[in-house]
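According to the UniProt record's numbering, the residues represented by the sequence shown are 1 to 137, in order.
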Amino acid sequence: MATLARAEAGEIDTVLALLAPLPSAADLRPPEVGLVMLRGRTGGDGAPFNLGEATVARAAVRLADGASGFAYRLGRDARAARAAAIIDALWQDDTRRAAVEAVLKPVRARLAGAAAQVRAETAATKVDFFTLVRGED
């Protein structure tokens with residue numbers, strides 16, 4: 001679900017195309033867009049506070065074989081949320097899981113590369129502070 005939440009809409013469409021033919025999917029809950037409250041903590045572990053709101057699209061589907069899938073994605077793209085929910089439902093089936101994992105590999109690789117780039121850019125700004133011991137102590 002984390003991979004599908006962070007994947008681009010085009011990547012989700014590609015994954016669905018690679019998994020075709022797809023079973024029919026019925027909406028358990030129609031795809032919808034709403035707001036969620038983002039919470040923060042002072043200093044990372046202090047008192048929680050309301051940071052702001054974010055727009056989220058969510059969907060829940062049931063495939064013809066009975067498998068259910070759910071998806072939440074930042075933004076207003078309800079179609080991508082429904083497609084991600086279908087992929088999640090396909091992943092729930094043990095016979096399809098390997099195929100879903102295989103087509104998600106490029107998406108995971110792109111996300112891992114992007115995360116590594118962010119870590120490298122952050123590491124480049126790291127400042128190491130040190131204290132010299134003074135003789136009078």
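Even for Gly, the Cβ is constructed at its ideal location relative to N, Cα and C.
Item	Value
Segment limits, beta strand (DSSP E) that includes Thr-55	48 to 63
Span separating the alpha-carbon of Leu-16 from that of Leu-28	19 Å
Residues bridged to Glu-101 (per DSSP)	None; Glu-101 has no bridge partner.
Assigned secondary structure, Leu-38 (DSSP; H/G/I helix, E/B strand, else coil)	strand
Glu-32, DSSP secondary structure in three states	strand
Extent of the continuous alpha helix (DSSP H) run through residue 140	The structure shown does not extend to residue 140, since the chain is modelled only from 1 through 137, so no value can be given for it.
Segment contact flag, the region 74 to 94 with the region 42 to 53, C-beta cutoff 8 Å, min 3 pairs	no
Which residues DSSP lists as bridging Ala-26, in chain order	Arg-62
Cβ-based neighbour list, Glu-11, same chain, cut-off 7 Å, excluding 5 preceding and 5 following	Val-107
The region 88 to 98 contacting the region 60 to 68, beta-carbon criterion three pairs below 8 Å	yes
Euclidean distance between Cα positions of Pro-21 and Val-36	34 Å
Distance between beta carbons of Ala-5 and Arg-73, contact taken as under 8 Å	5 Å
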